[in-house]
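*Asks:* Dropping the structure in here first, questions after.
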Amino acid sequence: MRSTRSSPSRLLPSGHLPIGAEAFELDDQSSGSDIGANVHPDRVPLLQGTIDKVRLLLSNVWQASTNWWCFRKDSPSARSLIFCGNGCAYTQPALSFPPNRVRNQKYSLISFLPLVLYDQFRFFFNLYFLIVAISQFIPELQVGVLFTYVAPLVFVLTVTISKEAYDDFQRYRRDKEANSAMYEVIENGIIKSVPSSSLRVGDLVIVHKDERVPADMVLLKTREENGEIFIRTDQLDGETDWKLRHAVHSTQQQFAWEDVYKLQGRMEVEAPRKAIYDFVGAFTTNRDSPSASSHERNPDDANPAVEGLDLEHTVWANTVIATGSVVGCVIYTGDETRSVMNANTPATKMGLVDLELNSISKLLFAMTVLLAFVMVTMKGLYGQWPLLFFRFLLLFSAIIPISLRVNLDMAKTLYSFQIMRDPKIEMTIVRTSTIPEELGRISYLFSDKTGTLTQNVMIFKKLQLRPPMAHHPETLSATRESLKRSFEMDDLGATLDEVSRYERRKRADADSALQSCVMAIALCHNVTPVVDMDTGNRTLQASSPDEVALVRFVESVDVILESRSPRQITLRLPNGDLSEYEVLNIFPFTSETKRMGIVVRCLVSGVIRFYLKGAESVMRTRVEQTDWLDEEVEQLAREGLRTLVFGGKELPAAEYESWSQKYAVARSQLQGRDAAVRAVVELLEVNLSLLGVTGVEDKLQPGVKTALETLRNAGIRVWMLTGDKAETAECIGRSARLVDRNQQVFHIVAHTKREACRRLDQFGTRSQSAVLIDGTSLALLLEWAPKQFIELACQAPAVICCRCSPTQKAQVVHLVAEHTKKRCAAIGDGGNDVSMIQAAHVGIGIVGREGKQASLAADFSVQQFSHTQRLVLWHGRNSYYRTARMSQFVMHRGIIISVIQAVFSSLFYWVTIPIYTGWLYVGYATVFTQLPVCALVLDQDVDESVVNLYPELYQELQRSRPLSHKTFLIWVLKSVYQGSVIMMLGMLLFEYKFINVVAITFTSLILAELLNVAFEIHKWTWTMVLCELVSLLLYLVSLTMLKDQIDIVFVMSSDFLWKVTVITCTATLPVSIAKYLQSKISPTTASKVH
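Structure representation (structure tokens):
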């Protein structure tokens, strides 16, 4: 029997209503009447095991049947898990839960072909050629060999379907590997191995070190005595720092590892939701000894203990156990897990080139219709002219190149491969291979600060006490000596006669102030020292690098963090003594509160102290009023340092006991728990003594200054969007050269709508100044004057938005993109940058110390900001320039053969007979001219050194000069001229056989296309030469095999050779001469500097 199934018929006892996702209440008395299956007086204790097993069997059958037949689909809801003490567990109310299967496949065996075909025929090109191919089955519409029109479509679909099938098969293999992973499950005291896909809600699962957590679980037991473990969450939230988790206190203390299955109690959990940083639940159990047998307990004497559950008691699916082994109870499976609910597939991004080509394809279709209508009109609008019109439409269908989509996909794949293989930007990953050419169109770059422009490696720089008392790394020895004196008060007696009483008291006060602040830093954190059992190396693990930097500072002054557990902190003081502190309460840092607090009791003196640290904006109203806090914080910010304000006070035992009771009540609430807890905690945050201000430095990444300056010279406007303080953001902006050294920065800092609009109007008169705006002012302007703000901000040479929320970052990116109609890129390294990255046309993520969340959500992943310069200016330029020229050549290739067909039909009295059929028509676009397309994809118009020396060349790409209606018209005129010349001269040099006209014109066409590509290439490589020669060789070989379409005897004659030479030269030389003259009369910027 499995350890948990739903109970289909049992109702909750009085006082226990089904709990909801956002609200449910716990009644202590009613909870006690429902602990385990043996609590109900109407049950016979000796038959309890049998009853539970029968209930479990019925629940399993019910859940299996509902899952199989989809008889009903329960919406995600809250649930109660009842532990029976004999390995049984079931849920209330009776629900069917999703299977714990990982499924990332897009298709099934049944849906694969229909869905793939649907996706393909949504494209205009493919749908058009599908209609053309189908029309050839109608005798009246047939204008050539069926193979001629079906083969190109089949080729394109085969390539696409094969690619989709391969990608989906790889997803299937990854899913199968994840679903087949074996895990240990405890059933009736017996440990069994089951695959991950077989886990269900209520199972007791054992997960060992370095194993992936298969489902969302609540921790019941760990191997560690203190009940704590570390987990890695980088695959869930992208953060690389280990997270500390705790087992449920009652189960950790009451049960041995092998007796966890004897658990009796009730666990209430909220409905599944997406919040990965929040969880609300409750666990109720008896205070009776777990060793007592079930029939020895009297249900009426049950003494329930209620324990609130929150995030620290959970491990979500796809996290990894970093230390120890755990036993967890599965609470959510499959689609209800946090990881799946947060795995929202971002909207597919379509590049601007794709939109432009779609617009041009409509022009091509209009051109096809117009040409067909002209041909019909010239013949006369009588008889069955609509049928004739449709036949001409089919004859000229090559104008719309069906192979363009395949060529684009193959080219983008090549660009992505070149980016990832570039040794100068190692470990760069292309996650969205459909938009590499977008890197060549960027006009705005939105950048995070911490971890993006800076290294996110925190180095302690300053500890500021009441002025003039301050401590720096340069004065470390003096700081260490002062702190040592504060712990060795007896040494002061030796100096009584050497210093004055005033100086002695002044020094003692300074030493005492330093000691108070250092102890606050040493205790108020969530840092845990971890020792690797294999290597013996000691590391400090924390969720914030700021905290690690501060703990390292206090350790540098001989206050060592010896150990840390959920209930105790042990410090080694400068005098060598061990000082142990009991952790009574801890209040973690959140983005909403912007502060962290801790209540500790010294085990030696029994004194209770409360410490609080946070941003000066929230600490200012919680510490005593001083005349130096604001000034010193601003000074530290001007130095580019991140600041934290520390405060604290001593709590009388009676006051703490009274407060603790209120806190326990707030913690036990399941409805509005967060608000209640915050309200109670704020009762402590009054009348705090200001202990000091710390400053840590986050240095700029290597190459940031050069990269930003180069990008700005390339015409890319860079905006900094950060959550940091205004002074720090401005300092980093200047040091990174985002703002010129002598450039003024206009501040928009307001608290009301009127004030914000007034400051915005004032900025409108200073267009040459950079602008800095804080989050409050930004929110006001985005609500009341978004258009005016964006218009003025886009004119500024640099923009810094500080104190920004993730939502505001995304709003700014979206508004700029909508207002300017320019391509926007966003770059960041943290989870708070994901929304901004996904809102931009091009998202760039940095694999940083904050984790991989931004990198995983981005289109391109880089290792550092400086790599963006090469990614955009070099790879972006090449991708866009090559795509533009390749696309226009492919369209030219279709137009020229259609022009030849039009001239041929007009010379033969508007006949609807194709001049080229069979393999000639199919091979033209697939074999004979496909490799030259590859040559265009490998071309470079300028050298890399020129691009770096003249970043201004990038501005031509921003103005869409390589691909525009002007360049498209030039290619159309070239196609019309060359197609007309080839056909007209072919007819003038007409031999006695029609088959000779086909040989002359088609050979001239192939040679002309090869020469067209040759004239377009700027920098030849052996690969390009090989592409040209192999294409020519393939055509010459095919001539020997197409005896029914080509007269091989005529082809081998001298007449054929000179006629083809004349036609080819007449078609290509004037075009090449005109191109040469244009390059001399109106040279491009690239040719000027090359």
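At position 701 of the sequence shown the residue is numbered 701 (the UniProt record's numbering), and the sequence of numbers has no breaks. Built from N, CA and C at the ideal position, the CB exists for glycine as well. The structure displayed is predicted, hence computed values, not measured ones.
Per DSSP, PHE373 is paired with what?
*Replies:* Along the sequence shown, one-based indexing puts residue 373 at 373. Beta-bridge pairing links PHE373 to no other residue.
*Asks:* Using 8 Å for Cβ pairs, my map puts TYR332 next to ALA215. What's the rounded Cβ distance?
*Replies:* Here residue 332 is taken as the residue at index 332 of the sequence shown, counted from 1. Here residue 215 is taken as the residue at index 215 of the sequence shown, counted from 1. The Cβ separation is near 7 Å, so the contact holds.
*Asks:* Would you kindly report the start and end of the unbroken alpha helix (DSSP H) that includes LEU957?
*Replies:* The residue labelled residue 957 in the question sits at position 957 within the sequence shown. Note, LEU957: alpha helix (DSSP H), 954-958.
*Asks:* Return the first residue and the last residue of the alpha helix (DSSP H) that ALA275 is part of.
*Replies:* What you label residue 275 is simply residue 275 of the sequence shown in a count that begins at 1. Careful: ALA275 lies outside any alpha helix (DSSP H) and carries neither H nor E.
*Asks:* Within 10 angstroms of its Cβ, does PRO698 collect 16 or more other Cβ (buried), or is it exposed?
*Replies:* Locating residue 698 in the sequence shown gives position 698, where the first residue counts as 1. Rather than Pro, the amino acid found at residue 698 in this sequence is Asp. Label assigned to ASP698: buried.
*Asks:* Using only the alpha-carbon positions, how far apart do GLY723 and CYS794 sit?
*Replies:* Counting from one through the sequence shown, the residue named residue 723 turns up at place 723. Counting from one through the sequence shown, the residue named residue 794 turns up at place 794. Distance between the alpha carbons of GLY723 and CYS794 is about 21 Å.
*Asks:* Please work out which residues of its chain come closer than 8 Å, Cβ to Cβ, to PHE121, disregarding the five sequence neighbours upstream and downstream, and give them in chain order.
*Replies:* Here the question's residue 121 lines up with position 121 in the sequence shown. If we look at PHE121 and ignore the five residues flanking it on each side, its Cβ neighbours are LEU127 and LEU130.
*Asks:* What are the partner residues of ASN585, as DSSP defines its beta bridges?
*Replies:* Counting from one through the sequence shown, the residue named residue 585 turns up at place 585. Beta-bridge pairing links ASN585 to VAL599.
*Asks:* Can you have a look at ALA366 and say buried or exposed, based on whether 16 or more other CB atoms are within 10 angstroms of its CB?
*Replies:* The residue you call residue 366 lines up with position 366 of the sequence shown. Classification for ALA366: exposed.
*Asks:* For SER605 versus GLY648, is the C-beta distance shorter than 9 Å?
*Replies:* Here residue 605 is taken as the residue at index 605 of the sequence shown, counted from 1. Here residue 648 is taken as the residue at index 648 of the sequence shown, counted from 1. Going by C-beta atoms, SER605 is not nearer than 9 Å to GLY648.
*Asks:* Can you find at least 3 beta carbon pairs, one from the region 820-833 and one from the region 445-453, that sit closer than 8 Å?
*Replies:* They touch, by the three-pair rule.
*Asks:* Where does VAL718 sit, in a helix, a strand or coil, going by DSSP?
*Replies:* Taking the first residue of the sequence shown as 1, we reach residue 718 at position 718. It is a strand residue.
*Asks:* Do LEU236 and THR319 have their C-beta atoms closer together than 9 Å?
*Replies:* Here the question's residue 236 lines up with position 236 in the sequence shown. Here the question's residue 319 lines up with position 319 in the sequence shown. For LEU236 and THR319, yes; Cβs fall inside 9 Å.
*Asks:* Under a three-way DSSP split, which group does GLN1078 fall into?
*Replies:* Walking along the sequence shown from the start, residue 1078 turns up at place 1078. Of the three classes helix, strand and coil, the one that applies to GLN1078 here is helix, per DSSP.
*Asks:* Given this structure, state the Cα-to-Cα distance separating PRO98 from ALA78, to the nearest angstrom.
*Replies:* Stepping through the sequence shown from its first residue, residue 98 is reached at position 98. Stepping through the sequence shown from its first residue, residue 78 is reached at position 78. Approximately 14 Å, taken between the alpha carbons.
*Asks:* Any contact of the region 847-866 with the region 426-446, i.e. 3+ C-beta pairs under 8 Å?
*Replies:* As far as the Cβ criterion goes, the region 847-866 touches the region 426-446, which means the pair count is three or higher.
*Asks:* Expressed to the nearest angstrom, what Euclidean distance is found between the alpha-carbon atoms of LEU708 and ARG485?
*Replies:* The count along the sequence shown starts at 1 and reaches residue 708 at position 708. The count along the sequence shown starts at 1 and reaches residue 485 at position 485. Rounded to whole angstroms, LEU708 to ARG485 spans 49 Å at the Cα level.
*Asks:* Compare the Cα-Cα distances from ARG564 to each of ASN226, ALA1008, GLU426 and GLN1078 and report the closest residue.
*Replies:* Numbered from 1 along the sequence shown, position 564 holds the residue referred to as residue 564. Here the closest residue by C-alpha is ASN226.
*Asks:* Tell me the DSSP secondary structure of ALA133 in three-state form.
*Replies:* Locating residue 133 in the sequence shown gives position 133, where the first residue counts as 1. In this structure, ALA133 counts as helix in the three-state DSSP scheme.
*Asks:* Threshold first: 4 residues or longer. Then list the alpha helix (DSSP H) segments lying entirely within the region 691-737, N to C.
*Replies:* With a minimum length of 4 residues, the continuous alpha helix (DSSP H) runs that stay inside the region 691-737 are 704-713 and 726-735.
*Asks:* With a threshold of 8 Å, are at least 3 pairs of Cβ atoms found where one atom belongs to the region 640-658 and the other to the region 602-617?
*Replies:* Contact holds: three or more Cβ-Cβ distances are below 8 Å.
*Asks:* Please list, in chain order, all residues of the same chain as SER906 whose beta carbon is under 8 Å from its beta carbon, the five residues on each side excluded.
*Replies:* Locating residue 906 in the sequence shown gives position 906, counting from the first residue. Result list for SER906: MET375 and MET378, in chain order.
*Asks:* Taking the alpha carbon of LEU989 as the reference point, which residue from ILE1006, LYS1059, LEU949 and TRP971 has its own alpha carbon closest?
*Replies:* Within the sequence shown, residue 989 is the residue found at index 989, counting from 1. Minimum Cα distance to LEU989 is reached at LYS1059.
*Asks:* Measuring CA to CA, which of SER1038, GLN901, ILE231 and ILE1006 is closest to LEU394?
*Replies:* Taking the first residue of the sequence shown as position 1, residue 394 is located at position 394. Among SER1038, GLN901, ILE231 and ILE1006, the Cα nearest to that of LEU394 is on GLN901.
*Asks:* Out of TRP919, ARG741 and ASP558, which has the shortest C-alpha to C-alpha gap to SER477?
*Replies:* As a working note, residue 477 is residue 477 in the sequence shown. Comparing Cα-Cα distances from SER477 to each of TRP919, ARG741 and ASP558, the minimum goes to ASP558.
*Asks:* For the region 674-685 against the region 594-603, do three or more pairs of beta-carbon atoms, one drawn from each stretch, fall closer than 8 Å, so that the two count as touching?
*Replies:* Output reads yes: the region 594-603 touches the region 674-685.
*Asks:* Helix, strand or coil: how does DSSP classify residue 1111 here?
*Replies:* Because the chain is modelled from 1 through 1090, residue 1111 falls outside the range shown and cannot be assessed.
*Asks:* Per DSSP, what kind of secondary structure is PRO566 in: helix, strand or coil?
*Replies:* Here residue 566 refers to the residue found at position 566 of the sequence shown. Coil.
*Asks:* I need the boundaries of the alpha helix (DSSP H) containing LEU815, first residue and last residue.
*Replies:* Taking the sequence shown and counting its residues from 1, one reaches residue 815 at position 815. Per DSSP, LEU815 belongs to the alpha helix (DSSP H) from 806-820.
*Asks:* By a C-beta neighbour count over all protein chains shown, 10 Å radius and 16 as the cutoff for buried, is SER1053 buried or exposed?
*Replies:* Translated into positions along the sequence shown, residue 1053 becomes position 1053. So SER1053 ends up on the exposed side.
*Asks:* Would you give the residue range spanned by the beta strand (DSSP E) that ASP216 belongs to?
*Replies:* Here the question's residue 216 lines up with position 216 in the sequence shown. It spans 216-222 - the beta strand (DSSP E) in which ASP216 sits, taken as one unbroken run.
*Asks:* Taking ASP259 as the reference, give the member of ALA549, LYS1088, ASP409 and ASN188 with the closest Cα.
*Replies:* Numbered from its first residue, the sequence shown carries residue 259 at position 259. Ranking the options by Cα distance to ASP259, first place goes to ASN188.
*Asks:* How long is the line joining the alpha carbons of ILE896 and GLY979, rounded to whole angstroms?
*Replies:* As a first step, residue 896 is located in the sequence shown; it is residue number 896 there, counting from the start. As a first step, residue 979 is located in the sequence shown; it is residue number 979 there, counting from the start. Using only the alpha carbons, I get a separation of about 5 Å.
*Asks:* Beta-carbon separation of PHE124 and SER397 under 9 Å?
*Replies:* In the sequence shown, the residue the question calls residue 124 occupies position 124. In the sequence shown, the residue the question calls residue 397 occupies position 397. Contact: no.
*Asks:* Is it buried or exposed, PHE968, if we count other Cβ atoms within 10 angstroms and call 16 or more buried?
*Replies:* Here residue 968 corresponds to residue number 968 of the sequence shown, with the count starting at 1. Result: buried.
*Asks:* Do you know whose CA, among THR428, ILE773, GLN701 and ASP354, lies nearest ALA796's CA?
*Replies:* Indexing the sequence shown from 1 puts residue 796 at position 796. ALA796 has its Cα closest to that of ILE773, out of THR428, ILE773, GLN701 and ASP354.
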